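Chemist:
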Amino acid sequence: MKKFEVKDLINIGIYTALHFLCIFLVAMLGFIPQAFIFAGIIEGFLGAIPIMIFLTKVKKFGMITIMGLLLGLITLLMGRPWPCVVIGLAAGLITDLIWMKADFSKIKFGPVCCGTMMLWTAGMGLPLFFGYRDSYLANLEEGYGKEYVEVIRSLTPDWMFIGMIIIAVVGGFLGGLFAKRILRKHFAKANLVE
Amino acid sequence: MRKLDPRTKLLLLVVINVVMMTGKITGIFVPVRIVFALIPFFLMMRETWFRGSFIYFFLYLYVFLFERFTLQDIHPVLLIILLFTTGLLSRFLAGVMMAYYLMKTTTVSEFVTSMERMHIPKVIVIPFAVMFRFFPTLKEEWQDVKNAMKMRGIGLAGRNPLDVLEYVMVPILMSVSKIADELSAASMTKCLSVDGKRTHIAKVGFSFLDIIMFLCAAAGLFAHIFLGGVIGT
Amino acid sequence: MITFSNINFHYKNNRTDKGNLIDISLTIEDGELIVLTGESGCGKTTFTRLINGLAPNYYPGTVTGELYLDGENIIGKSVAELGRTVGSVFQNPRSQFFNVDTDSELAFAAENIAMDPSEIIRRMDEVTEELDLTELRGCSIFELSGGEKQRIACGSVAVMHPKVIVLDEPSSNLDAESIEKLKCVLAKWKKQGKTIIIAEHRLFFLRELADRLIVMKDGRITNVFERDEMSELSASLKEMGIRPLVEPELIVRRSVEGIRNYIRIEHFKYSYDRKTVALSVDNMSLPGNQVVAIIGNNGAGKSTFLKCLCGIYKTKKDKITLNGSRWKRKLRYRDCYLVFQDVNHQLFTESVLDELIIGMDDSLSEDVKKEKALEILERFGIRDLADHHPMALSGGQKQRVAIASSVAAGRDIILMDEPTSGMDELNMMRLSQELKRLKEAGKTIYVVTHDYEFINECCDSVIRLA
Numbered sequence: 001m002k003k004f005e006v007k008d009l010i011n012i013g014i015y016t017a018l019h020f021l022c023i024f025l026v027a028m029l030g031f032i033p034q035a036f037i038f039a040g041i042i043e044g045f046l047g048a049i050p051i052m053i054f055l056t057k058v059k060k061f062g063m064i065t066i067m068g069l070l071l072g073l074i075t076l077l078m079g080r081p082w083p084c085v086v087i088g089l090a091a092g093l094i095t096d097l098i099w100m101k102a103d104f105s106k107i108k109f110g111p112v113c114c115g116t117m118m119l120w121t122a123g124m125g126l127p128l129f130f131g132y133r134d135s136y137l138a139n140l141e142e143g144y145g146k147e148y149v150e151v152i153r154s155l156t157p158d159w160m161f162i163g164m165i166i167i168a169v170v171g172g173f174l175g176g177l178f179a180k181r182i183l184r185k186h187f188a189k190a191n192l193v194e
Numbered sequence: 001m002r003k004l005d006p007r008t009k010l011l012l013l014v015v016i017n018v019v020m021m022t023g024k025i026t027g028i029f030v031p032v033r034i035v036f037a038l039i040p041f042f043l044m045m046r047e048t049w050f051r052g053s054f055i056y057f058f059l060y061l062y063v064f065l066f067e068r069f070t071l072q073d074i075h076p077v078l079l080i081i082l083l084f085t086t087g088l089l090s091r092f093l094a095g096v097m098m099a100y101y102l103m104k105t106t107t108v109s110e111f112v113t114s115m116e117r118m119h120i121p122k123v124i125v126i127p128f129a130v131m132f133r134f135f136p137t138l139k140e141e142w143q144d145v146k147n148a149m150k151m152r153g154i155g156l157a158g159r160n161p162l163d164v165l166e167y168v169m170v171p172i173l174m175s176v177s178k179i180a181d182e183l184s185a186a187s188m189t190k191c192l193s194v195d196g197k198r199t200h201i202a203k204v205g206f207s208f209l210d211i212i213m214f215l216c217a218a219a220g221l222f223a224h225i226f227l228g229g230v231i232g233t
Numbered sequence: 001m002i003t004f005s006n007i008n009f010h011y012k013n014n015r016t017d018k019g020n021l022i023d024i025s026l027t028i029e030d031g032e033l034i035v036l037t038g039e040s041g042c043g044k045t046t047f048t049r050l051i052n053g054l055a056p057n058y059y060p061g062t063v064t065g066e067l068y069l070d071g072e073n074i075i076g077k078s079v080a081e082l083g084r085t086v087g088s089v090f091q092n093p094r095s096q097f098f099n100v101d102t103d104s105e106l107a108f109a110a111e112n113i114a115m116d117p118s119e120i121i122r123r124m125d126e127v128t129e130e131l132d133l134t135e136l137r138g139c140s141i142f143e144l145s146g147g148e149k150q151r152i153a154c155g156s157v158a159v160m161h162p163k164v165i166v167l168d169e170p171s172s173n174l175d176a177e178s179i180e181k182l183k184c185v186l187a188k189w190k191k192q193g194k195t196i197i198i199a200e201h202r203l204f205f206l207r208e209l210a211d212r213l214i215v216m217k218d219g220r221i222t223n224v225f226e227r228d229e230m231s232e233l234s235a236s237l238k239e240m241g242i243r244p245l246v247e248p249e250l251i252v253r254r255s256v257e258g259i260r261n262y263i264r265i266e267h268f269k270y271s272y273d274r275k276t277v278a279l280s281v282d283n284m285s286l287p288g289n290q291v292v293a294i295i296g297n298n299g300a301g302k303s304t305f306l307k308c309l310c311g312i313y314k315t316k317k318d319k320i321t322l323n324g325s326r327w328k329r330k331l332r333y334r335d336c337y338l339v340f341q342d343v344n345h346q347l348f349t350e351s352v353l354d355e356l357i358i359g360m361d362d363s364l365s366e367d368v369k370k371e372k373a374l375e376i377l378e379r380f381g382i383r384d385l386a387d388h389h390p391m392a393l394s395g396g397q398k399q400r401v402a403i404a405s406s407v408a409a410g411r412d413i414i415l416m417d418e419p420t421s422g423m424d425e426l427n428m429m430r431l432s433q434e435l436k437r438l439k440e441a442g443k444t445i446y447v448v449t450h451d452y453e454f455i456n457e458c459c460d461s462v463i464r465l466a
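Chains as they are written, first to last, in this note's numbering: chain P, 1 to 194; chain X, 1 to 233; chain F, 1 to 466.
1) Starting from the Cα of E208(F), find the closest Cα among N20(F), K188(F), K217(F) and M216(F) and give me that residue.
2) Please report the Cβ distance between D165(F) and G87(F), rounded to the nearest whole angstrom; I am assuming they are in contact, meaning their Cβ atoms lie under 8 Å.
3) Does any residue of chain F bring its CB to less than 8 Å from the CB of G60(P)?
4) What is the rounded straight-line gap between the Cα of A408(F) and the Cα of V401(F)?
5) Whose C-alpha, out of I182(P), K60(P) and M67(P), is nearest the C-alpha of G13(P)?
6) Compare the C-beta of V292(F) against all C-beta atoms of chain X and say whether one is closer than 8 Å.
7) In the DSSP assignment, the beta strand (DSSP E) including A481(F) goes from what residue to what residue?
8) Could you round the C-beta distance between L50(F) and F9(F) to whole angstroms and report it? I think they count as a contact, below 8 Å.
9) At the level of alpha carbons, what is the spacing between R68(X) and E105(F)?
10) On the DSSP bridge assignment, give the partners of K269(F) in chain order.
11) Excluding the 5 residues flanking E266(F) on each side, which residues of the same chain have their C-beta closer than 6 Å to its C-beta?
12) Taking buried to mean at least 16 other C-beta atoms within 10 Å of its own C-beta, is S303(F) buried or exposed?
13) Ignore the nearest five residues each way along the sequence and tell me which others in I231(X)'s own chain have a CB closer than 7 Å to its CB.
14) Compute the distance between the beta-carbons of S6(X) and E110(X), then report whether it is under 8 Å.
15) I need the DSSP call for V157(F), collapsed to helix, strand or coil.
16) Leaving out five residues on either side along the sequence, give the residues of the same chain with a beta carbon under 7 Å from the beta carbon of K2(P).
17) Tell me the residue span of the alpha helix (DSSP H) that contains T65(P).
18) If T199(X) and E111(F) are in contact, beta carbons under 8 Å, what's the gap, nearest whole angstrom?
19) Could you tell me whether any Cβ in chain P is nearer than 8 Å to the Cβ of H345(F)?
20) Closer than 8 Å, CB to CB, is R33(X) near chain F or not?
21) If contact means a Cβ-Cβ distance below 7 Å, which residues of the segment 379-391 of chain F contact chain P?
22) For V32(X) versus V19(X), is the C-beta spacing smaller than 8 Å?
23) Could you tell me the alpha carbon to alpha carbon distance between D132(F) and A107(F), rounded to whole angstroms?
24) Taking 8 Å as the CB-CB cut-off, is D5(X) touching chain F?
25) List, in chain order, every chain P residue whose beta-carbon is nearer than 7 Å to that of A180(X).
26) Enumerate, from N- to C-terminal direction, the unbroken beta strand (DSSP E) stretches of 3 or more residues contained entirely within the segment 47-117 of chain F.
27) Using 8 Å as the Cβ pair cut-off and three pairs as the minimum, do the segment 334-351 of chain F and the segment 166-175 of chain X touch?
28) If F69(P) sits next to G92(P), beta carbons under 8 Å apart, how far is it from one beta carbon to the other, in whole angstroms?
29) Examine chain F for any beta-carbon lying closer than 8 Å to the beta-carbon of K122(X), and answer yes or no.
30) Under 8 Å between C-beta atoms, does G196(X) make it to chain F?
31) Which same chain residues end up closer than 6 Å to L69(F) when comparing Cβ atoms and leaving out the 5 residues on each side of it in sequence?
32) For A17(P), go through chain X and note every residue whose CB falls closer than 7 Å to its CB, in chain order.
33) Buried or exposed for C184(F), please, with buried defined as at least 16 other CB atoms from any protein chain shown within 10 angstroms of its CB.
34) Hey, quick one: how far does the beta strand (DSSP E) through G296(F) stretch, first residue to last?
35) Can you confirm whether F305(F), when its beta carbon is compared against all beta carbons of chain X, has any partner nearer than 8 Å?
36) Looking at the C-beta of L55(P), does it have a partner C-beta in chain X at a distance below 8 Å?
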């Protein structure tokens, strides 16, 4: 394993910030229950763009894993249950492995990586599901009324957790395709990437 | 005035978010929520950011009261729309304010110092610190791009959203990638390295206020976990 | 002592020869202040990068020859290691700070080499005193002006007590007052016996300090001028494409051309926050169909003035008329075009041609647009760049594209913010010619600048903002 340089760490920080900001801005939309499926797609789409540029800077195994870990930690800071850190780390690791398989350069793997990277957002949705879900909804009901909770409940059976992940991953993949185009159209043409 | 230790601020941020986002909004959690909503207010007042504190205070007051008293007998659709705004605010606002306070009052070097005190390795500390530093830079970049769009007369309306996205993202990404390069170069000439030992001039440490805040956070977490915040009653 | 002995440097992944170095041999004595100059892309920045180790460690490339710093070959030494003896100041104040506050930045490098905290604090105080940084201590980086940032950058270098300091175009984003302050810093360093190497375009502020002036072209050293030779250089420098060593006097012409009282401004006020007023103009009139220079001291609000005039910033209760009729903010958007100091943010399409087409009147057909765009590019002498990506161009070319796109969008009033900062003589002259041509085509140009050479070259009148 090659050693990290200062440049690598700074790139991780900068692109994590940009990626997170993209996701965070869209995630605000996710509070409208009917919109949250769209939000998932848009989140992935927008978030994928910085990831794609980041990938072109990644030449060492571990960089994406660190990004995943950082994203997991931010999710924790946002008050999500601790498994979100593990999810973030796992998302990073999976993406890292795929990108390593792609020799850190085969750009056609880019969109897939953008997709798998989005797995970390599962940590964000954690409170909606599993053991957390019922108590969360019961909670909401007291304050928000049955109507609102029913809408959420109908949208979020436990299998929807998988659905939500798939949505985010698909969003990420589509965003990755778009970002690949930007990369070719702008960055490659301006000699900013190889 | 002694500054709060960055670790305390981080803990408070986590606990505020846990209580506000995933916690109950009734029963004994009414006072718990009030306390945690007041913490950022108190901290901001302490920094004499009066304007910001009062805006926050009244906004939160409105949201808080709304959540409790006007929920009966309105049309569900209307309710959902209203709940969207108030729900969003009541959940996010305190945490966002706390995050803002954290960013605004913590220097990168204090942040790095306290993370290294916790024996977090540099490969995580440096990216985290850079991230921390980079949010305000991104704001500047976004403003520049926004001004440029205005200048060019390229509005958001009536265009393919993907094109607009491209127009916005491309200059930002180009600029970000340039900043990343230059920042790396500058940091390297300032002897930043991945494995070298560092010293710190930032003074971080726990004071009386830190202890109080710690107790608050611990009490909040306790209530959240053992008094039915998570495990439904 | 620094000795370059037959140094060649070729950047990896570089299609052109830009910035490469060819057969450089030079000895720099301790305590010398060396100024490197030459056209953009001549290799002067690369020269500084070899000394601080960024080339080839960070900017990869192949290097042959030897570079000795106090008798030791430093090629291949790590940047961080060299950072203990070589301090570096860069061009862009926005991207050279790791920290968000000035105190931490001053201490940063010293912390990184694990210097004792009490010693760091002692040195910080010493540097604060020396470089007059007292009012900048404890500030957020984001509140500082470009000049103030550059002074902090110098301070953070000084804390390390480096023997050698390299500066890469440190003045390119600075105004006159900040340049003067930078000069003071350099003078102090020189007095302390530090070896200083500066790559610069603007030379006037270095004339009294420079021990040697080194002119580079296409990667080679073409001329070396000693201190006493420099005074007789003015004429020949211009031929070499180098900016003058003496800041020219402002020539005030009484222009009769153009339209008098084209724009009248009353009650023009703007403030960024609720406390400080960034701009306050009570009564003013601007001529039209001229190239007008707007000068003024630091903090007079020159850039703010431009941003308010073109409508990016919203001024309240302003009363502005254009040719006698009310000129509201919405109209100003339509009529003006501001070319930013950093044009990078203004270019966002995939080719120069698209850049022009996108701002054109939507009612035209695609073919007409394209034809018109090519015609404009022809006029600006950049038609052969039509298919290039704007970001692949040089700074001067990017600026030309930005101006061309304002012409394409049919704007009559072109505003420019410090267009010649960081520009070499050649590009500066070219820009002057273009502005004069635009004026002849009936445009009005307002330029915020403090570049007197440029003003004398092309401006018809000068307005001082107080």
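For each residue, glycine too, the CB sits at the ideal point set by N, CA and C.
What you are looking at is a predicted structure, and each value in this text was computed from that prediction instead of being measured.
Modeler: The relevant details are as follows:
1) For the purposes of this step, residue 208(F) is taken as the residue at position 208 of the third sequence. The shortest Cα separation from E208(F) among N20(F), K188(F), K217(F) and M216(F) belongs to K188(F).
2) Along the third sequence, read from residue 1 onward, the residue named residue 165(F) stands at position 165. Along the third sequence, read from residue 1 onward, the residue named residue 87(F) stands at position 87. It should be noted that the sequence gives Ile, not Asp, for residue 165(F). Contact between I165(F) and G87(F) holds, since their C-beta atoms are separated by about 4 Å, short of 8 Å.
3) Along the first sequence, read from residue 1 onward, the residue named residue 60(P) stands at position 60. In the sequence on display, residue 60(P) carries Lys and not Gly. With 8 Å as the cut-off, K60(P) does not count as an interface residue toward chain F.
4) Working through the third sequence from its first residue, we reach residue 408(F) at position 408. Working through the third sequence from its first residue, we reach residue 401(F) at position 401. Here the alpha carbons of V401(F) and A408(F) stand approximately 10 Å from one another.
5) Here the question's residue 13(P) lines up with position 13 in the first sequence. Closest option to G13(P), judged by alpha-carbon separation, among I182(P), K60(P) and M67(P): M67(P).
6) Locating residue 292(F) in the third sequence gives position 292, counting from the first residue. The C-beta of V292(F) comes no closer than 8 Å to any C-beta of chain X.
7) Examination of residue 481(F) is not possible in this model, given that chain F is present from 1 through 466 alone.
8) Position 50 of the third sequence, counted from the start, is the residue given in the question as residue 50(F). Position 9 of the third sequence, counted from the start, is the residue given in the question as residue 9(F). The beta carbons of L50(F) and F9(F) sit about 7 Å from each other, so the pair counts as a contact at 8 Å.
9) For the purposes of this step, residue 68(X) is taken as the residue at position 68 of the second sequence. For the purposes of this step, residue 105(F) is taken as the residue at position 105 of the third sequence. Taking the straight line joining both Cα atoms gives about 48 Å.
10) Counted from its first residue, the third sequence places residue 269(F) at position 269. Per DSSP, S280(F).
11) What you label residue 266(F) is simply residue 266 of the third sequence in a count that begins at 1. Answer for E266(F): N283 and K319, listed in chain order.
12) Locating residue 303(F) in the third sequence gives position 303, counting from the first residue. Counting C-beta atoms within 10 angstroms of its own C-beta, S303(F) has 16 or more neighbours from the protein chains shown and is therefore classed as buried.
13) The residue given as residue 231(X) occupies position 231 in the second sequence. Note that I231(X) scores a pLDDT of 38, beneath 50, so its modelled location is shaky; the value from the coordinates is reported in the next line. Here the set comprises nothing.
14) As a working mapping, residue 6(X) is identified with position 6 in the second sequence. As a working mapping, residue 110(X) is identified with position 110 in the second sequence. This sequence places Pro at residue 6(X); Ser is not what is there. Against a cut-off of 8 Å, the Cβ pair of E110(X) and P6(X) comes out as a contact.
15) As a first step, residue 157(F) is located in the third sequence; it is residue number 157 there, counting from the start. Correct three-state label for V157(F): helix.
16) As a working mapping, residue 2(P) is identified with position 2 in the first sequence. K60, listed in sequence order.
17) Sequence index remark: in the first sequence, residue 65(P) carries index 65 (1-based). Looking at the DSSP string, the run of the alpha helix (DSSP H) that includes T65(P) is M63 to L77.
18) Locating residue 199(X) in the second sequence gives position 199, where the first residue counts as 1. Locating residue 111(F) in the third sequence gives position 111, where the first residue counts as 1. That belief holds up - the Cβ atoms of T199(X) and E111(F) are roughly 5 Å apart, short of 8 Å.
19) Counting from one through the third sequence, the residue named residue 345(F) turns up at place 345. For H345(F), the answer is no, since every Cβ of chain P falls outside 8 Å of its Cβ.
20) One-based indexing of the second sequence puts residue 33(X) at position 33. Between R33(X) and chain F, the shortest Cβ-Cβ separation is not below 8 Å.
21) For the segment 379-391 of chain F, which is checked against every Cβ of chain P, the residues closer than 7 Å are H389 and M391.
22) Working through the second sequence from its first residue, we reach residue 32(X) at position 32. Working through the second sequence from its first residue, we reach residue 19(X) at position 19. The answer is yes: Cβ separation under 8 Å.
23) The sequence position of residue 132(F) within the third sequence is 132, counting from 1. The sequence position of residue 107(F) within the third sequence is 107, counting from 1. Approximately 16 Å between the Cα atoms of the pair.
24) Along the second sequence, one-based indexing puts residue 5(X) at 5. Cβ-Cβ to chain F under 8 Å: no for D5(X).
25) Residue mapping note: residue 180(X) aligns to position 180 of the second sequence, counting from 1. I10, N11 and I14, listed in chain order.
26) Here the runs fully enclosed are 61-69 and 86-89.
27) Contact between the segment 334-351 of chain F and the segment 166-175 of chain X is present, because at least three Cβ pairs lie under 8 Å.
28) Your numbering for residue 69(P) matches position 69 in the first sequence. Your numbering for residue 92(P) matches position 92 in the first sequence. Checking the sequence shown, residue 69(P) turns out to be Leu, not Phe. Distance from L69(P) to G92(P) at the Cβ level is roughly 6 Å; contact confirmed, criterion being Cβ atoms closer than 8 Å.
29) Here residue 122(X) refers to the residue found at position 122 when the second sequence is read from its first residue. No, its Cβ sits nowhere closer than 8 Å to a Cβ of chain F.
30) One-based indexing of the second sequence puts residue 196(X) at position 196. Yes, G196(X) lies at the interface with chain F (some Cβ there is under 8 Å from its Cβ).
31) Stepping through the third sequence from its first residue, residue 69(F) is reached at position 69. The beta carbon of L69(F) lies closer than 6 Å to those of I2 in the same chain, with the five residues before and after it left out.
32) As a working mapping, residue 17(P) is identified with position 17 in the first sequence. Result: M131, F134, F135 and L138.
33) Numbered from its first residue, the third sequence carries residue 184(F) at position 184. By the 10 Å Cβ count, C184(F) comes out exposed.
34) Counting from 1 along the third sequence, the entry for residue 296(F) is found at position 296. Its beta strand (DSSP E) spans residues V291 to G296.
35) As a position in the third sequence, residue 305(F) is number 305, starting the count at 1. It does not; no Cβ of chain X falls within 8 Å.
36) Position 55 of the first sequence holds residue 55(P). No - not a single Cβ of chain X is within 8 Å of the one on L55(P).
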